[in-house]
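Asks: Protein chains in written order, with the working numbering: chain H, 20 to 404; chain L, 3 to 162; chain G, 136 to 520. Backbone N, C-alpha and C define an ideal beta-carbon position, used for all residues, glycine too. One structure, pasted below without further comment.
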Amino acid sequence: MAERIAIVGVGQTHHKSKRPDVTTAEMIAESVERCLEDAGLQMKDVDHLVGGSFEVADGYHCPDKWIIPELGAVGKAGLELQNVGTTGGVLAVASFNIAATGLFDTVLCYSWQKMDEAAGAFGRGGGGANEYWTGQFPMSPITNFARRTYAYMDRSGCTEEHIAMVRVKQDQCALKNPYAQLRLGLTVEQVMSDVLLAWPIRRLHMCPTTAGAAAFIVCPEERAKKVTDKPVWVEDWFTCHQGGALTMAEDPTSSTLRHACEVVYKRQNIKNPVKEIQAWEVYEPASPAELRWMEEVGICEDYTAWKLFEQDKVGIDKEVPFNPSGGVTATNPIGATPVVRLVEAALQVRGDAGEHQIPGKIERALATGYGGQGENVIMLLRKTL
Amino acid sequence: MTAEQKKEEQPEFIQFRYPREVPYEHALGYQSKFANALKQGRIIATKCPVCGRCTIPPRIVCPFHHVKQTEWVDQGQRGRLISAFKINFPMFNSRTGELQNWENPIIAVELEGGARMDGWCAETDPSKLKTGMLLEAVWRPEEERQGRADDILHWKPVEE
Amino acid sequence: MAGRVGVVAVAQTKFEEKKATEHTAELMYNVTREVMGQTGLEFKEDGTGIDATLAASYDLFSGPAGAYMFLGYVVGAYRREDERVLEDGSLAVYYGAMQILSGHVDTVLLVSYNKESSVGKNLIEWVGMDQIYQRRIGLDFVSAAGLQAMRYTTKYGITPEQCAKVVVKSHRNAANNPYAMCCDNITVEDVLRSTMLCDPIRVQEAKPTPVDGACAIILASEEKARKITDKPVWITGFGSCYDHHELGYRDLADCEALTTAAQRAYKMAGITNPLKTFDLAEISEQYAYQELLWSEGLGFCGKGEGGKLIDSGKTQMGGDLPINPSGGMLSGLPVCVAGMQRVAECVVQLRGEAGDRQVPGAKKAVAHGVDGPAGQLQCVITLEN
Numbered sequence: 020m021a022e023r024i025a026i027v028g029v030g031q032t033h034h035k036s037k038r039p040d041v042t043t044a045e046m047i048a049e050s051v052e053r054c055l056e057d058a059g060l061q062m063k064d065v066d067h068l069v070g071g072s073f074e075v076a077d078g079y080h081c082p083d084k085w086i087i088p089e090l091g092a093v094g095k096a097g098l099e100l101q102n103v104g105t106t107g108g109v110l111a112v113a114s115f116n117i118a119a120t121g122l123f124d125t126v127l128c129y130s131w132q133k134m135d136e137a138a139g140a141f142g143r144g145g146g147g148a149n150e151y152w153t154g155q156f157p158m159s160p161i162t163n164f165a166r167r168t169y170a171y172m173d174r175s176g177c178t179e180e181h182i183a184m185v186r187v188k189q190d191q192c193a194l195k196n197p198y199a200q201l202r203l204g205l206t207v208e209q210v211m212s213d214v215l216l217a218w219p220i221r222r223l224h225m226c227p228t229t230a231g232a233a234a235f236i237v238c239p240e241e242r243a244k245k246v247t248d249k250p251v252w253v254e255d256w257f258t259c260h261q262g263g264a265l266t267m268a269e270d271p272t273s274s275t276l277r278h279a280c281e282v283v284y285k286r287q288n289i290k291n292p293v294k295e296i297q298a299w300e301v302y303e304p305a306s307p308a309e310l311r312w313m314e315e316v317g318i319c320e321d322y323t324a325w326k327l328f329e330q331d332k333v334g335i336d337k338e339v340p341f342n343p344s345g346g347v348t349a350t351n352p353i354g355a356t357p358v359v360r361l362v363e364a365a366l367q368v369r370g371d372a373g374e375h376q377i378p379g380k381i382e383r384a385l386a387t388g389y390g391g392q393g394e395n396v397i398m399l400l401r402k403t404l
Numbered sequence: 003m004t005a006e007q008k009k010e011e012q013p014e015f016i017q018f019r020y021p022r023e024v025p026y027e028h029a030l031g032y033q034s035k036f037a038n039a040l041k042q043g044r045i046i047a048t049k050c051p052v053c054g055r056c057t058i059p060p061r062i063v064c065p066f067h068h069v070k071q072t073e074w075v076d077q078g079q080r081g082r083l084i085s086a087f088k089i090n091f092p093m094f095n096s097r098t099g100e101l102q103n104w105e106n107p108i109i110a111v112e113l114e115g116g117a118r119m120d121g122w123c124a125e126t127d128p129s130k131l132k133t134g135m136l137l138e139a140v141w142r143p144e145e146e147r148q149g150r151a152d153d154i155l156h157w158k159p160v161e162e
Numbered sequence: 136m137a138g139r140v141g142v143v144a145v146a147q148t149k150f151e152e153k154k155a156t157e158h159t160a161e162l163m164y165n166v167t168r169e170v171m172g173q174t175g176l177e178f179k180e181d182g183t184g185i186d187a188t189l190a191a192s193y194d195l196f197s198g199p200a201g202a203y204m205f206l207g208y209v210v211g212a213y214r215r216e217d218e219r220v221l222e223d224g225s226l227a228v229y230y231g232a233m234q235i236l237s238g239h240v241d242t243v244l245l246v247s248y249n250k251e252s253s254v255g256k257n258l259i260e261w262v263g264m265d266q267i268y269q270r271r272i273g274l275d276f277v278s279a280a281g282l283q284a285m286r287y288t289t290k291y292g293i294t295p296e297q298c299a300k301v302v303v304k305s306h307r308n309a310a311n312n313p314y315a316m317c318c319d320n321i322t323v324e325d326v327l328r329s330t331m332l333c334d335p336i337r338v339q340e341a342k343p344t345p346v347d348g349a350c351a352i353i354l355a356s357e358e359k360a361r362k363i364t365d366k367p368v369w370i371t372g373f374g375s376c377y378d379h380h381e382l383g384y385r386d387l388a389d390c391e392a393l394t395t396a397a398q399r400a401y402k403m404a405g406i407t408n409p410l411k412t413f414d415l416a417e418i419s420e421q422y423a424y425q426e427l428l429w430s431e432g433l434g435f436c437g438k439g440e441g442g443k444l445i446d447s448g449k450t451q452m453g454g455d456l457p458i459n460p461s462g463g464m465l466s467g468l469p470v471c472v473a474g475m476q477r478v479a480e481c482v483v484q485l486r487g488e489a490g491d492r493q494v495p496g497a498k499k500a501v502a503h504g505v506d507g508p509a510g511q512l513q514c515v516i517t518l519e520n
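Dropping the structure here:
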């Protein structure tokens, strides 16, 4: 690595289902302002921007063009990236790469989704598709996770009650996070009697539609130390996509998460992830996905994660502090969601997460982005160098 | 604050109408062979010369070995059920462009030739579907086939 | 900055109005395989092959939302670092170089593809304008260019003949380029007689649309590049810059953003006199007037002197600084692919492999890409052999 880098400021909006009070640009500006304030910097100090959203869902083409001026960033260097669900992850990774070159001192990453405005003009490509074949089936993320969960339940012995317990845990965490969108105070019974979308997925199991934005600033070491006394070091990152290698029909369980983690753990010499990583913000588009992801990141053995819920071991102040922010089933501004994960992980490392702060010292935190059919981005943060 | 002022400050959305249809035209390219076979009531798949994996939809290159796929293999008319689910909310029908409810469960079938593909099941009661059960393709009349996924109307369970 | 970045292979398809028999995946596959063949690099897990893939494409041109995510496997994006820039292809080269300079990867495969024939380009570019004000007036990228052409030619007294000369030069140069689409002996009179597209831009003064095609490049770290090829071409500098989106906020007769982007790149490369330094330039002129305006921004002449520059003959083949020996965008290139293809053309020239369009003894070149209405986002990349 050319330069060691650190996150020096983070910001996000209070995520809501509808934001008629702001335009898309104003909403992004909210998160950017919070982020600049957090870092004690101004827009004039930023010298490179990286931004984006899943623009097709909002019915735009290259929206960075009209966002940039409204952020007061005319004259600055920048670019936009988009990889559907992992957009935020790719944006974060691009920001890391750009900061690590040492060519730019202060890199601002902004991301958003304003789904309350989704014009639907260009449709939403749910199940993700080869425009000829898969697009002909009525697929969506809902059906993808119905398949995934069905396969998981089939192999693990986990029941509908267990996945409802996962949803309740997520909600309990979200209740402590003022930025989260859905803060409902759910019970297992409520979840189990909710509208069935595609068995075993109920409405409450799926991520909501969200209007929200998130941003962070990353700097090379020397600059980071000047800007803040609480830098969060970015230890490693990996965008592990699979480019549509497998369709859902071919393998409903396909995921790159395990491989991606193995690569990163090996590079950083992490032998026992449960001990060495104290905070997890892993992108679960549907609540039951959390079970499989816990196994794939190395928290427990295959097909046993549901037992941890049965034993009440998962929660902010419990044995496994998984998604203390409430996760994606509580808040899902698509293009910004992985950045929200990163922002939350960084707050945990700094000890600034407030009510949903995990007790004890957080030396390492892992955040991920998920998209398509099992694509993942890994971002590993550290408190000390 | 007067009622009028209050009304002025009430945030709201502004609605714009977009053209409903954005016409796209895609060349099928290497997939033409597959589409033409469907019109003739046959299911074919590309096969990787390295790993032997058969894929539907056809792929130009094996994702795992990055080798060009040139061999086509007939997949037969029967297959075994891998997974099934029923959707309980309206979704678009790509033939009509309209939102509709879907009575028939969507299933994944492993064909005799080894490829796996999506389809619809003739049996509408999901509880009667068992992993591994034998299914047979029921085709649309030849004149209605367009090289599309729903040229196969559905998959019908077969007694063994 | 750790070392330099080398371009070790480039490939492009023939650019044609409508590739009716080829799927996008075939275009991607052909250029990918060609650059892999040139370098002998394969996709390997052990770090001896291609480390990362980076695409530049617009989903709205490809059809379904997230189109790239399900085509990635064609360019080898399976369980590998993979990102996609939602900008002109030059920005992918810009960011790809930074991926390497960050020390995170050693080799990056860049692919850019576009089939403009899939959907109306104007419709897509219309949704590239801000949704509340500019779209309502009916502004798209063509009308934005019309406004810019009007302002530029009026302010500096650029004549219609001077603009028409650009088209004549492009089509003549394209006759030497086997990949180009429009190569004929068009005359200034023919251009000026063609239908008015968007006053003052005539049909022949605009990039032909639609055009289908793809381009691929492999970038490598200095050490790897020397091992892979004995004719590496080095990226010596790069810069990008955003301008205002609202056309009324800038003087359209000047391209401040390009001037800044060029200065950033030249500073990195240690270039002070671009007209003298470069042996050729490959720039993205979607409309004839843009070659003149961008020449000013790139520092080849003073403000308002673009017309004189083309009159002087310096930018013709055989002149001091041939601009677009390949024929440029006016000879037919798809948007998005254009920027990457500009870099590829420079590389072919600097390797002395340009055949009939070769600029003898070319040592240094500059490539330019642009995205957004009236050149809102500019990117400049300098190269040398």
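Below 8 Å on the Cβ atoms is my contact criterion, and I expect H:ALA217 with L:ASN90 to pass it. Report the Cβ-Cβ distance as a whole number of Å.
Replies: 6 Å
Asks: Determine, for G:LEU258, whether the minimum Cβ-Cβ distance to residues of chain L falls below 8 Å.
Replies: yes
Asks: In chain order, which continuous runs of the alpha helix (DSSP H) of length 4 or greater are located wholly inside the segment 352-376 of chain G?
Replies: DSSP runs (the alpha helix (DSSP H)) wholly in the segment 352-376 of chain G: 357-363.
Asks: Is the CB of L:ALA151 under 8 Å away from at least one CB in chain G?
Replies: no
Asks: Can you name, in chain order, every residue of its own chain whose Cβ lies under 6 Å from the Cβ of H:GLY30, other than the five neighbours on each side?
Replies: Leaving aside the five residues that flank H:GLY30 on each side, the residues in its chain whose CB is nearer than 6 Å to its CB run, in chain order, SER50, ARG53, CYS54, ASP57, ALA234.
Asks: Can you tell me which of G:ALA160, G:ALA392, G:THR174 puts its alpha carbon nearest to the alpha carbon of G:LEU512?
Replies: The candidate whose alpha carbon is nearest that of G:LEU512 is G:ALA392.
Asks: In angstroms with no decimal places, state the Cα-to-Cα distance between G:VAL326 and G:ARG337.
Replies: 7 Å
Asks: Assign L:GLU138 to one of three DSSP states: helix, strand, or coil.
Replies: strand
Asks: Compare the C-beta of G:GLU519 against all C-beta atoms of chain L and say whether one is closer than 8 Å.
Replies: It does not; no Cβ of chain L falls within 8 Å.
Asks: May I have the straight-line CA-CA distance separating H:GLY146 from H:THR275, to the nearest angstrom?
Replies: A caution first: H:GLY146 carries a pLDDT of 38, below 50, which makes its placement in the model unreliable, though a value can still be read off. So the alpha carbons of these two residues sit roughly 17 Å apart.
Asks: Closer than 8 Å, CB to CB, is G:VAL346 near chain H or not?
Replies: Interface annotation, G:VAL346: not in contact with chain H, CB-CB separation never under 8 Å.
Asks: Around the C-beta of L:PHE18, are 16 or more other C-beta atoms found within 10 angstroms, so that it is buried, or is it exposed?
Replies: exposed
Asks: Measuring CB to CB, does G:ILE353 end up less than 8 Å from G:ALA479?
Replies: Not closer than 8 Å, so no.
Asks: Over what stretch of residues does the alpha helix (DSSP H) that includes H:MET313 continue unbroken?
Replies: The continuous alpha helix (DSSP H) containing H:MET313 extends over residues 308-315.
Asks: Quick test of your reading: H:MET398 and H:VAL246, contact by CB under 8 Å. State the CB separation rounded to the nearest angstrom.
Replies: 20 Å between Cβ atoms; not a contact.
Asks: Check for me: the beta strand (DSSP E) holding H:MET267 runs from which residue to which?
Replies: Taken as a continuous stretch (DSSP letters only), H:MET267 belongs to no beta strand (DSSP E), as it is neither H nor E.
Asks: Can you give me the Cβ contacts of H:LEU223 inside the same chain, cut-off strictly under 6 Å, excluding the 5 residues immediately before and after it?
Replies: ARG186, VAL210, ASP213
Asks: Quick one: what's H:ILE397 bridged to in DSSP?
Replies: Per DSSP, H:PHE257, H:THR387.
Asks: Report buried or exposed for G:VAL501, applying the criterion of at least 16 other Cβ atoms within 10 angstroms of its Cβ.
Replies: buried
Asks: Can you tell me whether G:MET316 is buried or exposed? The criterion is at least 16 other CB atoms within 10 Å of its CB, across all chains shown.
Replies: By the 10 Å Cβ count, G:MET316 comes out buried.
Asks: Using a beta-carbon distance cut-off of less than 9 Å, what residues from the segment 152-167 of chain H approach chain L?
Replies: TRP152, THR153, GLY154, GLN155, PHE156, PRO157, MET158, SER159, ILE161, THR162, ALA165, ARG166
Asks: May I have a chain-ordered list of the beta strand (DSSP E) segments no shorter than 3 residues that lie completely inside the segment 36-69 of chain L?
Replies: 46-49
Asks: Assign G:PRO313 to one of three DSSP states: helix, strand, or coil.
Replies: Three-state DSSP puts G:PRO313 in coil, outside helix and strand.
Asks: Excluding the 5 residues flanking G:VAL145 on each side, which residues of the same chain have their C-beta closer than 6 Å to its C-beta?
Replies: Beyond the five residues adjoining it in sequence on each side, G:VAL145 comes within less than 6 Å, by CB distance, of ILE352, ALA479, VAL482 in the same chain, given in chain order.
Asks: What number of angstroms, rounded off, separates the C-alpha of H:ALA384 from the C-alpha of L:ARG55?
Replies: 39 Å
Asks: Run through the DSSP bridge pairs and tell me what G:THR517 is partnered with.
Replies: In DSSP, G:THR517 forms a bridge with G:GLY372, G:VAL501.
Asks: Going by alpha carbons, who is nearest to H:THR106 out of H:GLU394, H:LEU327, H:PRO378?
Replies: H:GLU394
Asks: Please list the segments of the alpha helix (DSSP H) lying wholly inside the segment 296-369 of chain H, counting only runs of 4 or more residues, in order along the chain.
Replies: Entirely contained in the segment 296-369 of chain H, the alpha helix (DSSP H) runs reaching 4 residues are, in chain order, 308-315, 324-329, 356-369.
Asks: What is the DSSP secondary structure of G:CYS333, counted as helix, strand or coil?
Replies: strand
Asks: Mind checking whether G:THR371 and G:GLU519 have CB atoms under 8 Å apart?
Replies: yes
Asks: What residues in its chain sit with their C-beta under 7 Å from that of G:ASP275, if we drop five residues either side in the sequence?
Replies: ASN257, GLU260, TRP261, MET264
Asks: With 16 other CB atoms within 10 Å as the buried threshold, where does L:GLU73 fall?
Replies: exposed
Asks: Hey, how far is the Cα of H:GLU338 from the Cα of H:GLU320?
Replies: 16 Å
Asks: Taking the C-alpha atoms as reference points, what is the distance between H:LEU127 and G:ALA187?
Replies: Here the alpha carbon of H:LEU127 sits roughly 23 Å from the alpha carbon of G:ALA187.
Asks: Return no unless some Cβ of chain H is closer than 8 Å to the Cβ of G:TYR401.
Replies: no
Asks: Work out the CA separation of G:LYS498 and G:PHE413 for me, nearest whole Å.
Replies: A straight line joining the alpha-carbon of G:PHE413 with that of G:LYS498 spans about 8 Å.
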